[in-house]
Structures are given as structure tokens and as C-alpha cells.
Amino acid sequence: MADYKVPFNLPTMTGSELAYIQRSLANGHVSGDGTFTKQCHAFLEELLGVPRVLLTTSCTHALEMAALLLDLQPGDEVIVPSFTFVSTVNAFALRGATPIFADVRPDTLNLDESKLESLITSRTRAIVPVHYAGVACEMDDILAIAKRYNIHVIEDNAHGLFGKYKGRWLGTLGSLATQSFHETKNITCGEGGALLINDAWFTERAEILREKGTNRSRFFRGQVDKYTWVDIGSSYLPSDMLAAFLLAQLERWTEIQEVRARIWRRYDQALADWADEHRVQRPTIPVHVEQAYHMYYILLPSLEVRTRLIAFLKARGIQSVFHYLPLHLSDMGKRYGGQVGQAPVTESVSDRLLRLPFYNSMTEAEQQAVIEGLYAFTDWT
Ligand SMILES: *Cc1c(COP(=O)(O)O)cnc(C)c1O
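Numbering (this note's numbering), first residue to last: 2 to 382.
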């Protein structure tokens with residue numbers, strides 16, 4: 002990224018991270034579930050109103066925990082959008098489940114709830130909506146369908162922390178939800194994640210899975226007098242040093258989100274007329290949604306225009322990037338029967354979507370350079 006005058010992403014920093022990490026070192030407890038981890042849990046539980054939050058080493062690992070909690074068997078089916086990050090799907094494939102790829106809506110690029118019911122079979126065990134760019138999926142419809150067929154909803158909320166759907170926080174709507182604190186996300190500790198447990202039925206087993214299949218958490222609460230191996234599991238606890246890093250950001254979440262909102266709105270206003278003139282589609286934010294300001298993207302008229310625009314911006318020192326390739330057409334997706342034409346919206350937007358530089362330390366001059374770069378592009382045909 003060093004060769005770019007305006008990089009695509011830089012991690013958010015509040016300035017208190019190092020002081021908090023030093024405190025975790027001084028505490029003498031740097032492994033998992035120390036005081037900083039507990040503070041992060043309490044912070045998210047109180048703010049979002051989630052009964053139990055568990056920090057994990059990544060969103061990928063939180064998704065793996067969700068898949069373990071569902072006790073999936075080979076042949077079970079999990080409905081996922083084709084337009085998402087590989088971890089959304091891989092976590093379930095790891096358990097032997099079959100991903101069923103759904104298409105997305107052409108406006109929000111979220112799981113198309115109108116096509117959902119036709120994908121449900123007697124083997125469907127879960128639906129995994131992804132709130133793309135931090136804009137909520139149509140959760141009332143998705144939850145109603147899930148309820149009718151007795152299927153769990155797992156929100157992949159990697160983009161959506163602090164976003165809302167009809168006044169309700171994203172991540173609180175499914176039985177389980179997963180967060181990412183990777184450096185490309187709004188709130189970061191480098192690598193990290195969280196499992197949000199809304200259905201308390203999962204809580205005790207989630208603690209066991211996260212602690213190598215032992216009842217260590219119950220032991221520390223004095224509920225059992227020794228801890229032992231009670232179930233399958235793995236090691237999903239982040240170091241308390243990373244939780245310290247994370248707390249330094251969570252405590253400043255409103256400022257972080259305000260900065261992102263300002264950058265997002267500036268792009269959207271500056272590009273409104275330009276987009277209309279060149280048949281470029283700007284993001285759609287439904288009126289009942291409060292978005293999480295995770296990214297700013299545009300949809301260009303064609304793959305050829307996008308390829309030329311990326312090169313044009315690069316020559317001006319600006320890094321712009323495309324996003325997900327359709328998972329149903331990946332090598333793995335084809336092994337699950339993925340075919341061209343199966344998810345036409347995903348196939349089309351994947352070719353045409355371009356993400357613009359977006360990071361909290363972005364200066365007005367940097368953003369102006371991106372906007373002027375777009376205005377200066379003429380190679381539309
Ligand atoms: C970033 C991301 C993930 C994975 O997050 P990690 O914390 O890097 O494992 C999963 N799903 C989506 C939609 C993401 O954007």
C-alpha cells in the first residue's frame with residue numbers, strides 16, 4: 002500500500018491502544034479471558050443488549066463456532082449468499098454441510114429474501130444473511146421464513162456492527178451473530194472477532210467449544226470443582242493484549258462511527274450528479290435501515306469500464322479495489338454444483354463493483370483527490 006498516495010484502507014487507531022496494551026502487560030495476565038476481555042464482553046453485552054458475547058480470534062472462528070453449535074451433519078444444507086467472503090461459507094463446509102448459494106438483491110446487494118423460500122428443503126439447517134457494507138438485510142422476511150421452517154438464522158455481521166434494522170441492532174436478530182475485528186473493519190484489534198449469542202440455549206456449549214472442549218468457564222465461576230474434557234472444541238480465545246487493543250476502540254465507537262459517516266456522506270453527495278450522468282449506481286440505504294458505514298462502493302456500467310477506472314486511479318496514486326467473486330463459481334463452489342446463471346445479480350455486480358478508499362484517518366484532501374480522480378475519468382465506452 003506504500004506506493005499509493007491514497008491507499009484503499011488503513012486500520013483505525015484511537016491513540017489509546019498502546020497504553021491499554023501496557024496495562025494488560027502490567028496486569029500479568031496476557032492469555033485469554035483476562036480483565037480486558039471481560040470488559041469487552043460487558044461493553045458489547047450492555048450496549049447491544051445481547052445476553053452473552055464471547056471474543057474470538059476472528060470472525061472466521063466465530064462462524065466455525067456457530068457451525069459447531071448447530072451440530073451439522075454431512076448432507077445438511079446451509080443457505081448463504083454467493084456474494085460474500087469465503088469464511089461465511091467455509092465454516093459450514095468444514096462441518097460437512099452443503100452450501101446452498103442464494104442470489105442477492107440488485108439494490109442493497111444483500112441476500113434476496115424473495116428467493117429464499119424456494120431454496121429451502123427438508124435438510125436446510127441454517128440461513129446466514131450477511132449485512133453487506135453494513136446495510137441490513139430484510140430481516141423481518143428472513144426471520145419469518147426461518148421461523149416457519151424451524152431453521153436457525155446466523156448473522157454474519159462482520160460489516161454491520163452498530164448498524165440497525167428498524168431500530169434494532171444488527172447482530173441481535175439471529176440466534177447467533179458473528180463480528181470481525183480484522184484491520185479492514187470499522188473497529189479493529191488487528192485480528193479478532195466475537196460470537197454474539199442471542200439464543201441462550203447455546204451459551205454453555207459455546208463456552209465449552211471455545212475452551213478446547215472443557216468446562217473451564219464453569220470451573221472459574223465455581224460451578225464445578227475441577228475442569229475436564231466434556232465435549233469437542235478448539236481454542237478460540239484471543240490474548241488479553243488484543244482485548245486491551247480492542248477496548249481502546251470500542252470505548253470510542255461513537256467517534257469512530259461519526260468520522261466514517263462524514264466520509265461516506267461526502268462521497269455520496271459529491272458523486273450524486275456524476276453517477277447519474279455516467280449510469281453509475283450508488284449504494285441504496287432503505288429508509289428503515291441505519292447503516293454501519295463500513296464502506297463506500299459504486300457499481301459501474303461494465304467490467305471493462307471498471308478495469309480501466311482502477312488503472313486510471315492507480316496512475317493518480319489512488320487505490321480502488323473490487324470485492325467478492327461469486328462463490329458459486331469458485332473452484333469449491335463448482336464442486337457443490339455451482340453454475341453460471343445460477344445467481345445472475347451476484348455475477349453481474351461482482352464484475353462491476355468498485356470500492357473507494359475509506360479509512361478513519363482519511364484527510365479531506367485525500368478524499369478530494371479520489372473524487373477529482375473519478376470526475377477526470379473519461380473512458381466510458
Ligand atoms: C471480514 C469478513 C469475515 C472474516 O473476518 P475475519 O475476522 O478476518 O475472520 C467474514 N465475513 C465477512 C462478510 C467479512 O467481511
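All residues carry an ideal CB built from backbone N, CA and C; glycine is no exception.
Excluding the 5 residues flanking it on each side, Ala159 has same chain C-beta neighbours closer than 6 Å at Cys60, Ser181, in chain order.
The beta-bridge partner set that DSSP reports for Asp157 consists of Val131, Thr179. Secondary structure note for Val79: it is in no alpha helix (DSSP H), and the uninterrupted beta strand (DSSP E) holding it is 78 to 82.
Lys227 sits exposed, since fewer than 16 C-beta atoms from the chains shown fall within 10 Å of its C-beta. Sequence-distant partners of Glu192 (beyond 5 residues in either direction) whose C-beta falls short of 7 Å from its own C-beta, in its chain, are Thr58, Ser59, His183.
In this structure Leu328 does not touch Val131 by the C-beta definition: roughly 11 Å separates them, more than the 8 Å allowed. Taking C-beta atoms as the reference points, Glu65 and Leu45 fail to come closer than 8 Å.
Contact between Ser235 and Leu210 is confirmed by a C-beta separation of about 7 Å, below the 8 Å threshold. In this structure, Val105 is the residue among Val105, Leu56, Pro52, His62 with its C-alpha nearest to the C-alpha of Ser351.
The residue from Asp380, Val81, Trp202 with its alpha-carbon nearest to that of Pro302 is Asp380.
Spanning the alpha carbons of Asp274 and Gly342 requires a straight line of approximately 32 Å.
In chain order, Thr61, Leu64, Glu65, Ala67, Ala68 place their CB closer than 8 Å to the CB of Ala92, counting only its own chain and leaving out the 5 sequence neighbours on each side. For Tyr325, same chain residues with a beta-carbon under 7 Å away, outside a window of 5 residues either side, are Phe84, Thr85, Phe86, Ser351 in chain order. Judged by the Cβ position, Gly164 fails to qualify as a neighbour of ligand 1 at the 7 Å threshold, every heavy atom of the ligand being at least this far. Annotation: the continuous alpha helix (DSSP H) that includes Ala245 extends over 241 to 251.
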